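Enquirer:
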Amino acid sequence: MQGYIHSFESMAAVDGEGVRYAVFLSGCPLRCVFCHNPDTWNMTGTLMTPEELVNKVSKYNPYFKNNGGVTFTGGEPLLQAEFIRKTVPLLKEKGINYIVDTSGSVELTDSVKYVLENAQGVILDLKFPDNEGYLKYTGHTMEKTLEMLGFLESIGKSTRIRTVIIPGINDTEEEIQKYLMHIKDKKCIYKYELLAFHTMGFFKYEELKIENPLKDTKPLDVSVKDRLQKFVNSNLGKSIDI
Ligand code: SF4
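In this note's numbering, the protein residues as written are 202 to 443.
The structure is reproduced here in structure tokens:
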């Protein structure tokens, strides 16, 4: 069994969640207009076995301490859930935790459930608040994402929801209110985090010679993101760092 790995990145502590080592898995079923990693979309990259991956990751083990660990991201890491499933027991043997950073746009197969159940926590993107937005800006409906959120709630998995705020698309309190409808009754969600749209991945579209649908969109003013984050926090009553 081998998995397609796009790249790796060691990260400093983020949001009190410890030192993370990010494994970017290749492949993604979505085509989000704001994607800054279009180079991860195709199922290509370095082929590795679970053993090879864990050997590489283990070098960072002394830095992980209690709260850190691996972050499986991408692309959509759960497209390769079978590969992660085979990797999890090897990580556990080394005492290494992991979190999964997912769009939720995959079937809830046994492997996906296993990977979610055994994760330290999950970061789930709620990209748009309705099917209309999903279809227009990602090319898929939101049903699978909502099913995954329901599953995470059913198993009580510690979940952070994330949304990218894009100028002219979802940068108002009225829009954010629609997202809140999906998450305000979910006990598994400990944080709802807004991210500001940026243009740092634009060069990749040029390199890959693919059309960038937001090429004329400017980065979101961080003060707008902060204002909307305060709106979220006051509506949800969750403790969120901004
Ligand atoms: S799910 Fe992530 S990697 Fe896939 S297109 Fe959307 S932003 Fe890009």
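We put the beta carbon where it would ideally sit given N, CA and C, even for glycine.
Every value quoted in this text rests on a predicted model; they were computed, and no experiment measured them.
Would DSSP call Glu412 helix, strand or coil?
Expert: Coil at Glu412, not helix or strand.
Enquirer: Specify the secondary structure class of Phe352 as computed by DSSP and reduced to three states.
Expert: Looking at Phe352 - three-state DSSP - the assignment turns out to be helix.
Enquirer: Considering only DSSP beta bridges, list what Leu395 is partnered with.
Expert: DSSP, once it has assigned bridges, lists Thr364 as partnering Leu395.
Enquirer: Distance, Cα to Cα, Phe398 vs Glu252?
Expert: So the two alpha carbons sit approximately 36 Å from each other.
Enquirer: How long is the line joining the alpha carbons of Val224 and Gly269, rounded to whole angstroms?
Expert: When rounded, the distance between both Cα atoms is 14 Å.
Enquirer: Going by beta carbon distance, what residues of the same chain come within less than 7 Å of Thr250, once the five residues before and after it are set aside?
Expert: The answer, listed in chain order, is Met202, Gln203.
Enquirer: Just verifying my parser: in three-state terms, what is the DSSP assignment at Asp331?
Expert: Here Asp331 sits in coil by DSSP.
Enquirer: Compare the Cα-Cα distances from Gly322 to each of Asn332, Leu336, Val301, Gly334 and report the closest residue.
Expert: That would be Val301, whose Cα lies nearest to the Cα of Gly322.
Enquirer: On the premise that His341 lies in contact with Ser306, defined as a C-beta separation below 8 Å, what is that separation, rounded to the nearest angstrom?
Expert: Contact flag correct, Cβ pair sits at about 6 Å.
Enquirer: I'd like to confirm the pairing. Which residues does DSSP put opposite Ile285 in its beta bridges?
Expert: BP columns for Ile285 are empty, so no partner.
Enquirer: I think Gly275 touches Leu226, with their Cβ atoms under 8 Å apart; what is that distance to the nearest whole Å?
Expert: About 5 Å; that satisfies the 8 Å criterion.
Enquirer: Quick one: what does DSSP say Glu375 is sitting in, helix, strand or coil?
Expert: If DSSP states are grouped into helix, strand and coil, Glu375 belongs with the helices.
Enquirer: Taking only heavy atoms of ligand 1 into account, decide whether any of them is closer than 7 Å to the Cβ of Arg232.
Expert: For ligand 1, at least one heavy atom lies less than 7 Å from the Cβ of Arg232.
Enquirer: Among Tyr222, Ile206, Ser359, which one has its Cα closest to the Cα of Met212?
Expert: Out of Tyr222, Ile206, Ser359, Tyr222 has the C-alpha closest to the C-alpha of Met212.
Enquirer: Does the Cβ-Cβ distance between Ile366 and Leu421 come in under 8 Å?
Expert: Cβ atoms of Ile366 and Leu421: closer than 8 Å.
Enquirer: Can you name the start and end residues of the beta strand (DSSP E) that Asp326 belongs to?
Expert: Note, Asp326: beta strand (DSSP E), 322 to 326.
Enquirer: Within 10 angstroms of the Cβ of Ile411, are there 16 or more other Cβ atoms? Answer buried if so, exposed if not.
Expert: So Ile411 ends up on the exposed side.
Enquirer: Nearest-angstrom Cα distance between Pro230 and Ser208?
Expert: When rounded, the distance between both Cα atoms is 18 Å.
Enquirer: Note down the Cα distance separating Leu396 from Leu291, rounded to an integer number of angstroms.
Expert: Rounded to the nearest angstrom, the two C-alpha atoms are 33 Å apart.
Enquirer: Is Ser259 near ligand 1, with its Cβ less than 7 Å from a heavy atom?
Expert: Checking every heavy atom of ligand 1 against the Cβ of Ser259, none is found closer than 7 Å.
Enquirer: Compare the Cα-Cα distances from Phe404 to each of Tyr205, Cys233, Pro239, Met382 and report the closest residue.
Expert: If we check each option's Cα against that of Phe404, Pro239 comes out closest.
Enquirer: What are the boundary residues of the beta strand (DSSP E) that includes Leu226?
Expert: Note, Leu226: beta strand (DSSP E), 221 to 226.
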